[in-house]
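What follows is one structure encoded as structure tokens, with my remarks underneath.
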Amino acid sequence: MEDAPLELEEGVKAMVDELKEINLGTTEEPRPIYINALMTSEEERQYVDLLHEFRDVFAWTYKEMPGLDPRVVVHQLAIKNGARPFKQAQRRFRQELAPSIEIEVNKLIEAGLI
26 MEDAPLELEE GVKAMVDELK EINLGTTEEP RPIYINALMT SEEERQYVDL
76 LHEFRDVFAW TYKEMPGLDP RVVVHQLAIK NGARPFKQAQ RRFRQELAPS
126 IEIEVNKLIE AGLI
């Protein structure tokens with residue numbers, strides 16, 4: 026019996042190509058999207074033209090998704106009737122993340138999802 030190749034023994038390593046950011050919006054209201062950075066300049070031009078042509082099908086905020094069913098995006102806890110809740114320890118996070126967390130929570134509140 027032959028041994029498996031060494032790369033299989035060490036685990037599979039994800040192959041992720043380098044990405045390039047493209048802005049489909051304006052400088053005041055950016056709409057970032059990422060494309061493969063290894064494309065030829067002609068391929069990149071074609072993709073960017075296509076993305077600009079169909080930019081109305083992308084959504085960058087929850088407000089831009091009016092048909093989004095809250096039953097799909099709102100988390101529900103499956104709790105048995107009569108189950109006693111118990112207090113869990115507070116979860117800590119890095120303080121430098123606090124502004125980002127607050128922004129994301131406010132987006133969800135404004136969209137009516139929480």
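Take the position in the sequence shown, starting the count at 1, then add 25; the result is the number in the numbering used here. Glycine included, every Cβ here is placed at the ideal spot set by N, Cα and C. This structure is a prediction, so every number in the text was calculated from the model and none was measured.
List the endpoints of the continuous beta strand (DSSP E) containing Glu-129. No beta strand (DSSP E) holds Glu-129; the alpha helix (DSSP H) holding it covers 123-135.
Quick check: what's the CA-CA separation for Asp-74 versus Tyr-59? 14 Å
Best match in His-77, Arg-109, Ile-126, Thr-65 for proximity to Arg-117 [C-alpha to C-alpha]: Ile-126
Which residues in the same chain have their Cβ closer than 6 Å to the Cβ of Gly-50, if we skip the five residues on either side of it in sequence? Arg-56
Do you know offhand how far Pro-91's Cα is from Ala-84's? 10 Å
Length of the line joining the Cα atoms of Tyr-87 and Lys-132: Those two C-alpha atoms are separated by around 7 Å.
Suppose you measure from the CA of Gln-113 to the CA of Ile-104; what does that come to, to the nearest Å? Near 16 Å, if we compare the C-alpha coordinates of Ile-104 and Gln-113.
Helix, strand or coil for Pro-55? Go by DSSP, reduced to three states. In the structure shown, Pro-55 falls within a coil segment according to DSSP collapsed to helix, strand and coil.
For Leu-76, the first and last residue of its enclosing alpha helix (DSSP H): Secondary structure note for Leu-76: its alpha helix (DSSP H) is the uninterrupted segment 66-78.
Just verifying my parser: in three-state terms, what is the DSSP assignment at Gln-45? Reading off the sequence shown, one finds Lys at residue 45, where the question assumed Gln. DSSP places Lys-45 in strand when its eight states are reduced to three.
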